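Numbering (mature numbering (1 follows the signal peptide of the UniProt record, and there is no 0)), first residue to last: -20 to -1, 1 to 253.
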């Protein structure tokens, strides 16, 4: 900003000198003096502007180098300088590109302002204009060269570091996958014996349950068969006892009938006698 303000002041002085040329009679001594003064001031303004451009480019290069992360270790003075200059390491590549684009636009507009402040109708000013055009062309070429160097070297380093980061992340991802595979292998090796043991215990338990069910069914059949046998045995005993009782009853009735018949016969004999 200071360089830009000083440049504007110099251009204003040059414009005042140009106005002095316009009001002087052609061929006057004062006009010659003013023309030389104007040439000198414009050359000074052009040189200072070139220096300001170089300083601006160096500042951007410094920011880009800081963002890219130089290999040399930082000292306390470097850290203090970064704080004063407001450098930020968290700038992205997009922000870098935006800074460069804004810088190029600013330079282009500033360069376009210089010839607009100089009047070309004075024939005595032709040499100065040619000198200015040469300086402007050399300034633009200088700027293009420096920007090309910055983009090829500094941004190349940035993209190289980004590529390294991507490769590191890929290696970390591969290592993480390998650790996961190893962990799965360890878990599988630990779980397989446990699963086999559990399956064996479940099989033993199932066999025991099946045997218990078989025993229950067998005991149920035996109990049923025993009950049927007992029922048949009891039924046979009852029937035999009932048959015996009926047989004895029939025998008693037969004896009673015979005794009655004998008694009646004896009674008849007694009555007849």
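Quick reminder that beta carbons are idealized off the backbone N, C-alpha and C, glycines included.
All values reported here derive from a predicted model rather than from experimental measurement.
Hey, how far is the Cα of residue i from the Cα of residue j?
i, j, result
"residue 161", "residue 177", "24 angstroms"
"residue 188", "residue 195", "10 angstroms"
"residue 219", "residue 237", "27 angstroms"
"residue -9", "residue 125", "Its pLDDT being 47, under 50, residue -9 is placed unreliably in this model, and the value from its coordinates should be taken loosely. Cα to Cα, residue -9 sits roughly 30 angstroms from residue 125."
"residue 158", "residue 173", "23 angstroms"
"residue 232", "residue 192", "59 angstroms"
"residue 180", "residue 186", "10 angstroms"
"residue 226", "residue 241", "22 angstroms"
"residue 183", "residue 155", "41 angstroms"
"residue 260", "residue 243", "Only positions -20 to 253 of the chain appear in the structure, and residue 260 is not among them; the question remains open."
"residue 147", "residue 166", "28 angstroms"
"residue 190", "residue 169", "32 angstroms"
"residue 235", "residue 224", "16 angstroms"
"residue 230", "residue 221", "14 angstroms"
Report the three-state DSSP secondary structure of residue i (helix, strand or coil).
i, result
"residue 52", "Confidence is the limiting factor: at residue 52 the pLDDT is only 43, short of 50, which leaves the residue's position unreliable and the question unanswerable from this model."
"residue 234", "helix"
"residue 245", "helix"
Can you find the residues in the same chain that come closer than 8 angstroms, C-beta to C-beta, to residue i, ignoring five residues on each side of it along the sequence?
i, result
"residue 175", "none"
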